[in-house]
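According to the working numbering, the sequence shown is numbered sequentially starting from 2.
The beta carbon of each residue, even a glycine, is placed where N, CA and C say it ideally should be.
Report on one structure; see the data block that follows.
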Amino acid sequence: MTVLAVMAHELGHILWWNKGLMSRACPNPPPGLNRIFWQIAWQNPAGPPPFHNFGVQFAADQRLRGPSKDDVRANAGHPGVARDLLSQIYRGDWASLLANVAPDEDLIETYKLAVLTSARSVGKGPLRSLVVNIPGIGSVDVIRDLFLSGDPNRWLSKKRSWVGNCMP
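Rendered as structure tokens:
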């Protein structure tokens with residue numbers, strides 16, 4: 002499953018660039034879903050270059066709400082604050098902490114979860130649970146509670162729907 006996760010992530014990069022997914026509109030989005038992927042969770046994408054350093058955020062990338070990975074890092078000296086910020090990130094908006102870094106990584110990490118939750122003949126079948134433990138806060142099952150929940154109020158549900166219906 003780990004190798005599949007890496008391959009799906011890297012294929013997501015290829016699709017992002019080769020299919021022009023930064024600005025490509027979904028031809029037939031489900032009702033209530035934005036036609037452009039980044040508009041689900043970002044107010045302004047920086048339009049990253051074909052390569053950017055791992056985990057490096059661009060100042061121009063602005064989320065519609067919530068803290069960033071850099072906010073968590075800036076509060077590393079205040080564990081309670083950092084844990085709370087991390088908990089906010091994992092409340093249903095983002096597929097992973099990396100997805101919170103940039104619009105391209107957001108789509109790519111969402112695509113990766115879509116691949117992992119629909120995998121066939123890989124070990125024990127599709128991924129059905131991925132628990133993230135946040136010390137002092139609790140845990141969240143990113144797959145069961147967020148990705149597969151179908152909750153229309155969670156961005157991650159909307160992103161999953163966009164990837165499932167709009168990826169070329």
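Within the region 121–152, there are no complete alpha helix (DSSP H) runs of at least 4 residues. Excluding its 5 nearest sequence neighbours in each direction, glycine 67 has C-beta neighbours in its own chain below 7 Å: Gln89, Ile90, Asp94, listed in chain order.
When DSSP reads this structure, tryptophan 43 sits in a beta bridge with Arg64. Cysteine 27 sits in coil when the DSSP states are folded into three classes, being neither helix nor strand. Under the three-state reduction of DSSP, leucine 117 is assigned to helix. Between the alpha carbons of histidine 53 and arginine 129 lies a gap of roughly 31 Å.
The three-state secondary structure of tryptophan 95, taken from DSSP, is coil.
Judged by DSSP in its simplified three-state form, asparagine 54 adopts coil rather than helix or strand. Per the C-alpha coordinates, the member of Lys160, Asn29, Leu114, Asn45 positioned closest to alanine 9 is Leu114. Within the model, the alpha-carbon separation for isoleucine 144 versus arginine 36 is close to 24 Å. Contact check between the region 99–118 and the region 8–25: three or more CB pairs, one atom from each, fall below 8 Å, which counts as touching.
In the structure shown, asparagine 166 falls within a helical segment according to DSSP collapsed to helix, strand and coil. Annotated as distal: threonine 118 and lysine 160, with beta-carbon spacing of 7 Å or more.
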